[in-house]
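Structure, as structure tokens:
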Amino acid sequence: MLSLIGTIIVGGIIGLIARAIKPGDDSMGWIMTIVLGIAGSLIAGYAGRAMGWYQEGQPAGWIASVIGAIILLVIWGLVTKRRA
14 MLSLIGTIIV GGIIGLIARA IKPGDDSMGW IMTIVLGIAG SLIAGYAGRA
64 MGWYQEGQPA GWIASVIGAI ILLVIWGLVT KRRA
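Residue numbers (the numbering used here): 14 to 97.
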């Protein structure tokens, strides 16, 4: 249970950092920000293991997680603009 709470807190922090770095108006709530941060971290970890930067079971670093979240934020912006 404590691990889940830690993941949510770190995901929220990473999502907020990514939203602060990426320019533009991102109108999403807290839950989407947390999901964005967690997903960015997972994608960064997967990409890092595929490129040989991380070993299996090793989490991605903060910078890589924020970069992954920014990439997802850009993709999210492109998807939501097409729907509108």
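Ideal Cβ placement from N, Cα and C applies to all residues, glycine included.
* Whole angstroms is fine: what's the gap from residue 91's alpha carbon to residue 52's? => Working through the sequence shown from its first residue, we reach residue 91 at position 78. Working through the sequence shown from its first residue, we reach residue 52 at position 39. Between residue 91 and residue 52, the C-alpha separation is close to 17 angstroms.
* Pull up the distance between the alpha-carbon of residue 99 and that of residue 36, whole angstroms please. => This structure leaves residue 99 out entirely; the chain is present only between 14 and 97.
* **Burial state of residue 49, where buried means 16 or more other Cβ atoms lie within 10 Å** => Walking along the sequence shown from the start, residue 49 turns up at place 36. Looking at its Cβ environment, which holds 16 or more other Cβ atoms inside 10 Å, residue 49 is buried.
* Closer than 6 angstroms by C-beta to residue 39: which residues in its own chain qualify, once you throw out the five before and the five after it? Chain order, please. => Along the sequence shown, read from residue 1 onward, the residue named residue 39 stands at position 26. Result list for residue 39: 32, in chain order.
* residue 59 (DSSP reduced to helix, strand or coil) -> As a first step, residue 59 is located in the sequence shown; it is residue number 46 there, counting from the start. Of the three classes helix, strand and coil, the one that applies to residue 59 here is helix, per DSSP.
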